[in-house]
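Q: Just remember that my numbering sits 28 ahead of the position in the sequence shown, which is counted from 1. Questions regarding the structure given below will be posed in turn.
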Amino acid sequence: MDVNGCNIRLRDFNRIVFFTGAGLSAESGIPTYRGRGGVWHQYNYEEFACQMAFDRDPEKVWDFHDVRRARVAACEPNLAHRVIAEAQQGNPRTAVITQNIDGLLQRAGCRSVVELHGSLWRVRCSREGIVREDFSVPFRPRRCSCGAYWRPDIVWFGDMLDSGFLEAAMKALSECDLLVTIGTSAVVYPAADLPHYAFARGVPSIEINPELTIVSHLYTYSLRGKASETLAALW
Ligand code: BV8
């Protein structure tokens with residue numbers, strides 16, 4: 029089926045990389061960051077979502093993240109998450125890389141998701157560094173048994189990304205036969221650098237976004253459309 033001039037069928041590829049941003053979850057009701065109603069338009073990340081804010085007032089940061097946990101917990105994976113999960117179940121060499129922290133890809137059935145920016149559903153002791161999954165809403169208790177606060181295991185601005193995740197993403201992009209980028213404004217680094225590993229190899233690449241981005245011209249196909257309908261049409 030031809031989608032805006034793109035006659036690629038995802039099923040014809042063996043090593044797809046899905047690289048996703050907040051736009052993937054928009055149709056699930058989760059706000060993006062920079063578009064209309066975006067998270068960073070409503071909240072100043074320097075007050076609610078960075079290490080300095082957490083050191084200054086962990087309770088205020090946890091109040092903000094409890095609001096987000098409740099909001100995400102009330103949302104469901106959409107058709108786009110489900111298509112990605114179906115593609116990965118049909119071909120385990122499919123790689124799923126996300127900047128999202130909502131866990132919806134995993135709830136749709138994806139495995140081994142590379143969560144470049146961490147997860148709302150993981151916390152780590154700010155003293156001992158131990159990490160654990162936690163789905164409680166609101167998150168309680170906020171302190172570890174050692175007495176220190178648990179910290180959301182999220183990569184905030186100024187935080188280094190997990191080198192293992194970055195390496196896994198670069199490896200997948202160095203081996204893929206198709207890159208499908210969905211719902212990212214491509215302005216946050218180093219994640220925004222990753223698609224260039226595929227561009228440099230000349231493999232076909234598809235961008236799915238209702239809006240043009242600063243990198244749309246680098247994709248083989250830059251499709252103006254929403255994640256669910258566009259991805260389903262390519263599947
Ligand atoms: C780092 C965490 C090394 C989760 C986020 C000065 C000081 C410190 C660092 C920097 C600095 N200057 C630059 C940097 C680097 C900085 C950066 O890149 N800043 C940018 C803004 C210039 N990066 C970092 O700090 C990273 N760490 O570099 O460490 C270092 C350390 C110290 C000093 C220097 C370097 C860490 C980056 C991670 C930040 N964490 N959030 C949370 O709290 O929620 S940022 C946030 O941006 C989210 O993680 C998000 O995933 C990410 C990317 O955003 P998108 O997913 O693209 O979302 P966005 O809203 O932007 O776009 C959505 C798109 O979807 C739109 O295009 C829209 O059109 C589209 N869309 C809408 N609806 C749909 C749709 N698409 C399809 N279907 C739809 N229905």
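Beta carbons are placed, not taken as given, at the ideal position from N, Cα and C, and that holds for glycine.
#1: From Gly118, Val95 and Ile210, pick the residue whose C-alpha is nearest to that of Tyr71; which is it?
#2: What does DSSP give as the partner residue(s) for Phe46 in the beta ladder?
#3: Rounded to whole angstroms, what's the CA-CA distance from Pro223 to Gln117? Just pull it up for me.
#4: In terms of residue numbering, what span does the alpha helix (DSSP H) encompassing Arg160 cover?
#5: Determine the DSSP secondary structure at Asp190, reduced to helix, strand or coil.
#6: Is the closest heavy atom of the ligand BV8 to the C-beta of Met198 under 7 Å?
#7: In whole angstroms, give me the CA-to-CA distance for Ile210 and Glu235.
#8: Buried or exposed: Pro105, going by 16 or more other Cβ atoms within 10 Å of its Cβ?
#9: What are the boundary residues of the beta strand (DSSP E) that Asp181 is part of?
#10: Can you have a look at Cys138 and say buried or exposed, based on whether 16 or more other CB atoms are within 10 angstroms of its CB?
#11: From Phe266 to Ala98, what does the alpha carbon distance come to, in whole angstroms?
A: With the structure as the only source:
#1: Start at 1 with the first residue of the sequence shown, and residue 71 comes out as number 43. Cα-wise, what sits closest to Tyr71 is Val95.
#2: Against the sequence shown, residue 46 aligns to sequence position 18. Note: Phe46 sits in a beta bridge opposite Val124 and Val208.
#3: Here residue 223 corresponds to residue number 195 of the sequence shown, with the count starting at 1. Here residue 117 corresponds to residue number 89 of the sequence shown, with the count starting at 1. Answer to the nearest angstrom: the Cα atoms are 23 Å apart.
#4: Within the sequence shown, the letter at position 132 stands for residue 160. Looking at the DSSP string, Arg160 is not in any alpha helix (DSSP H); the run it does join, the beta strand (DSSP E), is Val159 to Glu161.
#5: For the purposes of this step, residue 190 is identified with residue 162 of the sequence shown, where counting begins at 1. Asp190 falls in the coil class under three-state DSSP.
#6: By one-based count along the sequence shown, residue 198 stands at place 170. Met198: no, Cβ never under 7 Å from the ligand BV8.
#7: Mapped onto the sequence shown, residue 210 falls at position 182. Mapped onto the sequence shown, residue 235 falls at position 207. Whole-angstrom Cα-Cα distance: 6 Å.
#8: Along the sequence shown, read from residue 1 onward, the residue named residue 105 stands at position 77. Buried: at least 16 other Cβ atoms inside 10 Å.
#9: The count along the sequence shown starts at 1 and reaches residue 181 at position 153. Unbroken beta strand (DSSP E) run through Asp181: Trp178 to Ile182.
#10: Translated into the one-based positions of the sequence shown, residue 138 becomes position 110. Buried is the call here.
#11: Shown here, the chain extends from 29 to 263; a query on residue 266 therefore has no answer.
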